[in-house]
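To keep things clear, I will list the structure first and then write my remarks on it.
Residue numbers (our numbering): 207 to 545.
Listed below in structure tokens is the structure:
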């Protein structure tokens, strides 16, 4: 075997190499391979290309970048990926692969894997907290605290028990299934929405499971519509004015999926016209959310800056998935979470 076949060229951030580099080298060594490290600051070859075979886009690389606002560290990484003719596999720290770079690379034959499942519990628990905060009118309570006003929510028409309340979860992946367990535990009635309902008909705790097209005809009695699905052709603009007009005026929307799953202008109109009662929004069509958006000042809306899945152990959980896939790659085995 040639030396080239015995080596693998890996692009990771300096921080990632410091944390898990030794583990990756040990895995490579056990399989008679040697890692040739490529750093984000590496210079290209004479033909302006890079030798990268596989890459890990870790959270520190993405940094403060969003899909709509790319910062220099991420742009630098993208430049290396686009100019690596031997690139075979890219792993993303995110649960989804909806950033434009991923379909671009896949069109060239590059395999893309995600960290789906790494933060499923955290996102599910955030959605649970959102439901509790909306249903118990926490935003009004927080405002009373800021105003130093003693305003009990006695006899408030929208402060209710959650027992028997109905929730529809759009997305039956790790997040949706974990959330369903949590909601069952507090006595809520849960239904699900997914691409292929036949796979979920016997899941304990789900009253029913429908497909995406059936949402408008099944939301009339729903108290909470929770979005926890990937962004794709079937889910882009899935929740629009047709869905909102079918919902009851005391219902809420919780979005911990992707902003583009909702038609944002339709949501704003539904909130302003009181077609729905309120919303918890972690994601938006364009991020950061523009300061002129009316969503910021709506008393019935809770906003968080795309942080539903963050927790102190998130980076470790993502690294574990990448390390597992790295070993699979070295052994020429199937990769998990491949898009």
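Note that the Cβ used here is the ideal one computed from N, Cα and C, for glycine as well.
Item: C-alpha gap between residue 490 and residue 264, whole angstroms; Value: 22 Å
Item: Closest Cα partner of residue 511 within the set 271, 214, 266; Value: 271
Item: CB-CB length for residue 289 against residue 255, believed under 8 Å; Value: 5 Å
Item: The region 414–429 touching the region 384–398, judged by at least three CB pairs closer than 8 Å; Value: yes
Item: Cut-off 8 Å between Cβ atoms - residues of its own chain near residue 356, not counting five sequence neighbours on either side; Value: 350
Item: Contact check, residue 401 vs residue 544, beta carbons under 9 Å; Value: no
Item: 8 Å Cβ shell around residue 406 - same chain, five flanking residues per side excluded; Value: 378, 398, 400, 412, 415
Item: Inter-stretch contact (C-beta, 8 Å, three-pair minimum) for the region 359–372 and the region 298–311; Value: no
Item: Limits of the unbroken beta strand (DSSP E) element including residue 317; Value: 317–319
Item: Simplified DSSP assignment, three categories, for residue 421; Value: coil
Item: Where residue 208 sits in the DSSP three-state scheme; Value: The predicted position of residue 208 is uncertain, since its pLDDT is 40 and thus under 50; a value taken from the coordinates is nonetheless stated next. Coil.
Item: Stretch pair the region 322–334 + the region 502–521: three plus CB contacts closer than 8 Å; Value: yes
Item: Backbone secondary structure at residue 355 - three-state DSSP; Value: coil
Item: First through last residue of the alpha helix (DSSP H) which encompasses residue 235; Value: 220–236
Item: Inter-residue spacing [alpha-carbon to alpha-carbon] between residue 388 and residue 336; Value: 13 Å
Item: Residues bridged to residue 486 [DSSP beta-bridge criterion]; Value: 460, 508
Item: Distance CB(residue 474)-CB(residue 454) smaller than 9 Å; Value: no
Item: Whole-angstrom C-beta distance between residue 464 and residue 164, which should lie under 8 Å; Value: Because the chain spans 207 through 545 in this model, residue 164 falls outside it and cannot be assessed.
Item: Alpha-carbon to alpha-carbon, residue 285 and residue 486; Value: 36 Å
Item: Span separating the alpha-carbon of residue 266 from that of residue 247; Value: 15 Å
Item: DSSP three-state assignment for residue 283, whether helix, strand or coil; Value: helix
Item: Residue 437 in three-state terms, based on DSSP; Value: coil
Item: Alpha-carbon to alpha-carbon, residue 452 and residue 548; Value: Given a span of 207 to 545 for the chain in the structure shown, any question on residue 548 remains unanswerable.
Item: Residue 437 burial status per 10 Å Cβ neighbour count (16 or more: buried); Value: buried
Item: Environment of residue 419 [buried if 16+ CB atoms lie within 10 Å]; Value: exposed
Item: Identity of the residues DSSP links to residue 261 by a beta bridge; Value: 217, 296
Item: Cross-strand partners of residue 240 (DSSP beta bridge); Value: 213
Item: Expected contact under 8 Å - CB spacing of residue 258 and residue 217 to nearest Å; Value: 4 Å
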